[in-house]
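Beneath this line is the structure, given in structure tokens, with notes to follow.
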Amino acid sequence: MIRQVRFFILSAILIFACGLSLNRSVTAQTAPAADAKQQADAAQIYPGYTAPQYGDATSQSLYVTMRDGVRIAIDVTLPTNLPADAKLPTVMQLTRYHRNNEGGGLTGIEKFFTSYGYAVVSVDARGTGASFGLWTVPWSRDEIKDGGEIVAWVVAQGWSNGKVGAVGNSYGGTSAQMLAVPNHPAVRAVIPRHYEFDVYTDIAFPGGVFNEWMVKNWNQANQELDLKPGVKPV
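Per the working numbering, the very first residue in the sequence shown carries number 19; after that it's consecutive.
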């Protein structure tokens, strides 16, 4: 009987002690949860970013003449209040969907990169938007050559430091990749955020089946875009 009483007493003490320990453990684990999350979030933030240097930017629309006399429409966007001797790297974006709309303000890309001390050059592909010439097929040889000639024009400007990169999505993403094809030494980086890796297998004939809906609707949308007014003029 005495042994049974001792057993129950010891069991009660053990359960009570474990309960205190568990409670302390739970409290210890839950109390700093918010702090731990904040520390984890902070650890994911790259500490090497520089702060924006400029608060505003100005854009100028102009034509650059290509080797065959075709004039390509571009926007050159620079940070305001640049020192007279400032030399900037340039980010280019090339599109067949209008570099900007008439009356449109600065794009998000233009605002972001110029705030960090970059020049931004936005380009209407040959035969699209406000550019002259003919757009025959996506990323034609002439269109690709145009990109290299615009790079040469950029690095000849007084505000250029001789370094050029490109960004873009979809058609513009592939255009960014194609900017490396002319092999101009000024092109240092290309960041296609979304692009067509292989137009034939990815878009036109996925799995060997003709993607009629996509091809017809895309062509029709481009025709409507090219015919309607609204592109930013030069």
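For each residue, glycine too, the CB sits at the ideal point set by N, CA and C.
Bear in mind the structure is a predicted one, so any value in this text is a computation, not a measurement.
Could you tell me how far apart the beta carbons of Ser133 and Pro70 are, in whole angstroms, since I believe they sit closer than 8 Å? Cβ-Cβ separation between Ser133 and Pro70: approximately 4 Å, consistent with a contact (criterion under 8 Å).
Bridge partner(s) assigned by DSSP for Asp93: Asp93 pairs with Ser79 and Ser140.
Below 8 Å CB to CB, which residues in the same chain sit around Trp177 once its five sequence neighbours on both sides are set aside? Around Trp177: Leu96, Leu100, Ala104, Lys105, Leu106 and Ala137.
Closest by C-alpha distance to Ala239, when choosing among Thr146, Tyr64 and Asp86: Nearest in C-alpha terms to Ala239, of all of Thr146, Tyr64 and Asp86, is Thr146.
Residue of Ser77, Arg114 and His212 minimising C-alpha distance to Gly165: Each of Ser77, Arg114 and His212 was checked against the Cα of Gly165, and the nearest Cα belongs to Arg114.
Would you identify the three-state DSSP class for Ala170, choosing helix, strand or coil? Collapsing the DSSP output to three states places Ala170 in a helix.
Would the segment 213-221 count as touching the segment 78-86 if we require 3 or more Cβ pairs under 8 Å? No, they do not touch.
Classification of Ala46 by the beta-carbon crowding that lies within 10 angstroms, buried from 16 upward: With a pLDDT of 45 at Ala46, under the threshold of 50, the modelled position of this residue cannot be trusted, and the question is left open.
If I follow the unbroken beta strand (DSSP E) through Lys105, where does it start and stop? Unbroken run through Lys105: none, as it is neither H nor E.
Taking Pro203 as the reference, give the member of Ile221, Tyr64 and Asn179 with the closest Cα. Comparing Cα-Cα distances from Pro203 to each of Ile221, Tyr64 and Asn179, the minimum goes to Asn179.
Status (buried if at least 16 other CB within 10 Å, exposed otherwise) for Lys250: Buried: at least 16 other Cβ atoms inside 10 Å.
Within the same chain, show all residues whose beta-carbon is closer than 6 Å to that of Glu161, passing over the 5 residues directly before and after it, in chain order. So the list reads Ala143 and Arg144, once near-sequence residues are dropped.
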